[in-house]
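Residue numbers (the numbering used here), protein chains in the order written: chain W, 62 to 250; chain L, 62 to 250.
Backbone N, C-alpha and C define an ideal beta-carbon position, used for all residues, glycine too.
All values reported here derive from a predicted model rather than from experimental measurement.
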């Protein structure tokens, strides 16, 4: 997606060979117009897969998942990272390491929000090692729902996340594919 | 806002006299069409205040803040609850208790995303005791930005949050105003 790549070149900050900071447009401040275009693109890519629901995990994935769900005309569910007092006791949960937070967290979805046979589209902002995506996929499996695909805003091709999902014959679409961040330079595929 | 009140009556679960669970439409699963209508309403209410930016705190406020910012044509910033490895060192932070999580968390905004003199509209899903809102307001004050108002999806009038802000001459608009949850019944003002 050219618009996203342009914006990444304008505002992306290469923190290290592994970490690209996009907090001006994606995961701290959000550009709503750009996010809506990303939602339209994911809806275009996955509409034929007839998702019943869009699933993401808090927090950075929420705007893109919301925009995608709006375009598809389906609900969006965001997995929570910790139990709150208003969280249903009856939940599916998975323990996942977080690449950006450097910690392990529990992600969970209330059981009443994922039904057997529902067609689920996963959306997230970044994929690094794919731990969050794999956790969400295990939750989908526990619910006996069906994963129709994974949409990622920014894929770092030099980390194993996207590849590991494709090797399981999961359809993964990413809007910006970064080949390298070495030397402080952003290089797209 | 009638549509929101209708949906609250349909799906709201009264957990206690203090806690209303709206996880089917607002803070776990999200109804994008409803959220867009809420964004339009907040934009209508606050457009004349000419906000430069919409501010919320992760996670449940994000969809509504996003929809509001989209309608106003301005960026949205969500305060983070913990430091991540991609978070700027130069941040404004405040320690706030969380009513729903029952814990104290640090909320923070990178300094480069809030500028002196910027006109900020706060948006959140719920207001209970107002701790999150007060934390965000202190962050706005540290940045020497200007608060133009506070938009809340669901205000529980029997808790002090909204009142405490209005007593400081802050404009607070809420889309659904709940007078009582006692006896398991949702009563609007």
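- Closer than 7 Å at the C-beta level to chain L, one finds these residues of the region 125 to 137 of chain W: 127, 130, 131, 136 and 137.
- Following the DSSP letters along the chain, one finds residue 130 (chain L) inside the alpha helix (DSSP H) bounded by residues 123 to 133.
- Between residue 233 (chain W) and residue 223 (chain W), the C-beta gap is smaller than 7 Å, which places the two residues in contact.
- Taking 7 Å as the threshold, the shortest C-beta distance from residue 119 (chain W) to chain L falls below it.
- Judged by DSSP secondary structure, residue 240 (chain W) falls within the beta strand (DSSP E) whose first and last residues are 233 to 241.
- Contact between residue 100 (chain L) and residue 69 (chain L) does not hold, since the beta-carbon distance rounds to 17 Å and is not under 8 Å.
- With respect to the 7 Å criterion, residue 158 (chain L) and residue 185 (chain L) are not classified as neighbours on the basis of their beta carbons.
- With 16 or more other Cβ atoms from the protein chains shown falling within 10 Å of its own Cβ, residue 121 (chain W) counts as buried.
- Among the CB atoms of chain W, none fall inside 7 Å of the CB of residue 79 (chain L).
- Taking a contact to require three or more Cβ pairs closer than 8 Å, the region 102 to 109 of chain L and the region 76 to 85 of chain L do not qualify as touching.
- Straight across, the Cα-Cα distance linking residue 115 (chain W) with residue 174 (chain W) is about 11 Å.
- Taking C-beta atoms as the reference points, residue 248 (chain W) and residue 240 (chain W) count as a pair closer than 7 Å.
- Under DSSP, the beta-bridge partners assigned to residue 212 (chain W) are W:184 and W:234.
- Classified as exposed, residue 94 (chain L) has fewer than 16 neighbouring CB atoms from the shown chains inside 10 Å of its CB.
- If you check each beta-carbon in the region 84 to 95 of chain W against every beta-carbon of chain L, the ones closer than 8 Å belong to 84, 85, 88, 89, 90, 91, 92, 93 and 94.
- Per DSSP, reduced to three states, the secondary structure at residue 91 (chain L) is strand.
- 7 Å or more divides the Cβ of residue 123 (chain W) from the Cβ of residue 200 (chain L).
- Put simply, the CB of residue 171 (chain W) is near chain L, with a gap under 7 Å to one of its CB atoms.
- Against residue 107 (chain W), chain L offers no close residue; the least beta-carbon distance is about 15 Å (beta-carbon pairs closer than 8 Å).
- For residue 80 (chain W), DSSP assigns no beta-bridge partner whatsoever.
- Rounded to whole angstroms, the separation of the alpha carbons of residue 73 (chain L) and residue 64 (chain L) is 13 Å.
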